[in-house]
Amino acid sequence: MYSAIAANKRNTVIIMAAFLVIIGGLGWLASVIYGNSSITLIVVAIAAIYALIQYFAAAKIAIAVSGGKEITKSDNPRLWRTVENLSIATGMPMPRVFIIDDPALNAFATGRDPKHAVVAATSGILEALDDTELEAVMAHELGHVRNYDIRVSMITFGLVSAIGMLCDFFLHMMWFGGDDRDNVPPQVMIFGIVAIILAPIVATLVQLAVSRQREYLADSTGAMTTRYPEGLARALEKIQQQGATLQRQNGSTAHLFFANPLKANFLGRLFSTHPPIEDRIARLRNMTDKM
16 MYSAIAANKR NTVIIMAAFL VIIGGLGWLA SVIYGNSSIT LIVVAIAAIY
66 ALIQYFAAAK IAIAVSGGKE ITKSDNPRLW RTVENLSIAT GMPMPRVFII
116 DDPALNAFAT GRDPKHAVVA ATSGILEALD DTELEAVMAH ELGHVRNYDI
166 RVSMITFGLV SAIGMLCDFF LHMMWFGGDD RDNVPPQVMI FGIVAIILAP
216 IVATLVQLAV SRQREYLADS TGAMTTRYPE GLARALEKIQ QQGATLQRQN
266 GSTAHLFFAN PLKANFLGRL FSTHPPIEDR IARLRNMTDK M
């Protein structure tokens, strides 16, 4: 467990460095095209500020977008006590607890660290799961918090958003930038356009890979917490049968959820933030055999 936490903290630094290299490269291209070396520093500074804003505001945004409402113990004793008992068992601070009024079977965790964490569950998942299955799902979500997955996720999302924003701006400037580009060799312009188009795609693929590995790790962490992987496997089977697609869908928060909350299609599966449910179930059943 501690090695996973340490690895995620290292991954945070590596991810930030990788994305800053991409952002710096975009800034350098712009500086070459427009003949102004200061553009590189300006671009990196703007991207870093934007990512920091996303980092600190993302939890509030996720709750607002999903329509979650904060609860106390009296509002839903079952969910509250489940989260409270898991927090005590794992030595974590009690996170804020929210319920999303939605028939889909889903849940999520977000926040900067264990002291600033939020967990949320849909009304649908509360109705569909028994106590053992609900405990397993909440253990999974608290696993994200304990492993600092939420920090990695927030930083990654902020930097991917920053890269997308910068690329949109640079493409606009390339098409409508006026005479500043007249002395730029055609090959540099072509390379710049290709890089600007590919940069957000590469950044998104990195984000998806990070997100999928986070889900496998949180499954393992949750199963180790409850000592009963079958509970989480059964919960995933119910989600597979009844669906996790939210009524209020938003691609910007999809990576936070327990299961993919977006409507499934070919591209959705290809660029999914989550590994296939059947693979997750198989891994959990394999854990059961070893315990």
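Each residue of the sequence shown is one higher than the one before, starting from 16 at the first, in the working numbering. By construction, the Cβ of each residue, glycine as well, lies at the ideal position given by its N, Cα and C atoms. Source: prediction; values computed, not measured.
Local Cβ density within 10 Å of residue i, reported as buried at 16 or more and exposed below that
| i | result |
| --- | --- |
| N301 | exposed |
| S81 | buried |
| F123 | buried |
| G126 | buried |
| A52 | First, the residue type needs correcting, since residue 52 is Ser and not Ala in the sequence shown. Label assigned to S52: exposed. |
| E85 | exposed |
| I78 | buried |
| S102 | buried |
| T55 | buried |
| G50 | exposed |
| E230 | buried |
| F185 | buried |
| I205 | exposed |
| I29 | exposed |
Cβ shell of residue i (< 6 Å), same chain only, five flanking positions each side left out
| i | result |
| --- | --- |
| K130 | P108 |
| Q262 | D117 |
| E245 | T303 |
| A73 | M169 |
| I76 | none |
| K278 | T260 |
| V309 | Not covered by the structure: residue 309. The range shown for the chain is 16 to 306. |
| Q255 | I292 |
| K88 | W95 |
| H159 | A124, I165, A233 |
Contacts around residue i, its chain only, beta-carbon distance under 8 Å, and the 5 residues preceding and following it disregarded
| i | result |
| --- | --- |
| D146 | R93, T97 |
| L299 | D234, A238, P244, E245, L247, A248, L251 |
| Y65 | G173, S176, A177, M180 |
| L141 | N91, R93, L94, I114, L149 |
| F71 | R127 |
| I37 | I178, A214, V217, A218 |
| R25 | none |
Nearest-angstrom Cβ-Cβ length linking residue i and residue j, presumed shorter than 8 Å
| i | j | result |
| --- | --- | --- |
| Q9 | P276 | Absent from the structure is residue 9, since the part of the chain shown begins at 16 and ends at 306. |
| A259 | L157 | At roughly 19 Å, the Cβ-Cβ gap does not stay under 8 Å, so A259 and L157 are not in contact. |
| V58 | L35 | Their Cβ separation, rounded to whole angstroms, is 10 Å, which puts V58 and L35 out of contact at 8 Å. |
| R227 | P290 | 5 Å |
| A177 | A62 | 4 Å |
| L144 | K253 | 7 Å |
| R111 | V133 | 5 Å |
| L232 | D164 | 7 Å |
7 Å Cβ shell around residue i - same chain, five flanking residues per side excluded
| i | result |
| --- | --- |
| F273 | N121, A122, F123, V152, H155, E156 |
| L251 | I292, R295, I296 |
| R105 | The sequence as given places Thr at residue 105; Arg does not occur at that position. So the list reads L157, R161, T240, once near-sequence residues are dropped. |
| L282 | Here L282 scores only 48 on pLDDT, less than 50, and its place in the model should not be relied on; the value that follows carries that caveat. Excluding residues within five positions, none has a Cβ falling inside 7 Å. |
| S46 | S52, I54, T55 |
| G83 | F113, I114, I115, A135 |
I'd like to know if the region 85 to 101 and the region 150 to 170 are in contact, where contact means that at least 3 CB-CB pairs between them fall below 8 Å. yes
Contact between the region 106 to 122 and the region 130 to 139: three or more CB pairs below 8 Å? yes
So, does the region 226 to 237 touch the region 31 to 47, judging by three or more C-beta pairs under 8 Å? no
I'd like the ranges of any beta strand (DSSP E) spanning at least 3 consecutive residues and lying wholly in the region 94 to 166. 111 to 115, 122 to 126, 132 to 137
Can you give, in chain order, each stretch of the alpha helix (DSSP H) that sits fully within the region 220 to 283 and has at least 4 residues? 244 to 257
For a minimum of 3 consecutive residues, which ranges assigned as the beta strand (DSSP E) are wholly contained in the region 22 to 89? 83 to 85
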